[in-house]
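The block underneath contains the structure these notes are about, expressed in structure tokens.
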Amino acid sequence: MDGFTLRHLALAVALSTSMGTAFAATSNDFVDNAAAGGIAEVETSKLALEKSSSADIKSFAQMMVTDHTKANDELAALAKKHDIEVPDSTTLVKQAKAKILDLRDESFDAAYANNQVKAHEETIALFKKEADTVTDDKKPGATELKGFAQKMLPALEKHLDAAKALQAAHPSK
Numbered sequence: 002m003d004g005f006t007l008r009h010l011a012l013a014v015a016l017s018t019s020m021g022t023a024f025a026a027t028s029n030d031f032v033d034n035a036a037a038g039g040i041a042e043v044e045t046s047k048l049a050l051e052k053s054s055s056a057d058i059k060s061f062a063q064m065m066v067t068d069h070t071k072a073n074d075e076l077a078a079l080a081k082k083h084d085i086e087v088p089d090s091t092t093l094v095k096q097a098k099a100k101i102l103d104l105r106d107e108s109f110d111a112a113y114a115n116n117q118v119k120a121h122e123e124t125i126a127l128f129k130k131e132a133d134t135v136t137d138d139k140k141p142g143a144t145e146l147k148g149f150a151q152k153m154l155p156a157l158e159k160h161l162d163a164a165k166a167l168q169a170a171h172p173s174k
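Per the working numbering, the sequence shown starts with residue 2, numbered consecutively.
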């Protein structure tokens, strides 16, 4: 970025499974992690729209903001329907921004592309696990969450392929 090295850049990455927050009502690990990952995708991509000057990065980032905002809204509606608590977005945004990526010699674009590959690989693993689960009808929304995961996998795979293309176009130094 214009010859100077950014020592630290707040990039949202897929958040860990332990959210560190107690939930009052029914909680669901898949919902918690999918919501956290979705918010992280949106926040990271907003940062890319602001910081990058590459057309391909900006195009991908806009797709991430659009697609993951829609998916986040759908997941939140599904969770609400079944009285499953979702961490509020303010908390998730703070947690996402608290994750720091040390760029060292990486450009922003390379760091973003690498982050997106890793984040989508982790998200696909999470969604595949949910999609392949034997549904427990006693668990609120289990069947619908499984269906949501199955429905989202093709788009997530498409995102991963696009992220890998970005990674090839913007290699680390």
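No residue lacks a Cβ here, since even glycine has one placed at the ideal position from N, Cα and C.
Contact between the region 163 to 172 and the region 113 to 122 is established, with three or more Cβ pairs separated by less than 8 Å.
For M65, the CB contacts under 6 Å within the same chain, skipping 5 residues up- and downstream, are E42, S46 in chain order.
Scanning its chain for C-beta atoms nearer than 7 Å, with the 5 sequence neighbours on each side dropped, one finds around Q151 the residues A132, in chain order. Restricting attention to beta strand (DSSP E) runs no shorter than 3 residues, the region 24 to 109 encloses them at 101 to 103, ordered along the chain.
About 7 Å separates the CB atoms of F149 and E75; that is less than 8 Å, so the two are in contact.
Excluding the 5 residues flanking it on each side, H160 has same chain C-beta neighbours closer than 6 Å at H121, in chain order.
Membership of T144 in the alpha helix (DSSP H) is indicated by the continuous run 143 to 170.
Rounded to whole angstroms, S90 and L146 show a C-alpha spacing of 20 Å. In the structure shown, T136 adopts coil according to DSSP, grouped into three states. With a cutoff of 8 Å on beta-carbon distance, A78 and M153 are scored as not near each other. Nearest Cα to D162 within the set L48, N29, V118, I40: V118. Under the 10 Å beta carbon count, A164 is surrounded by 16 or more other beta carbons and is classified as buried.
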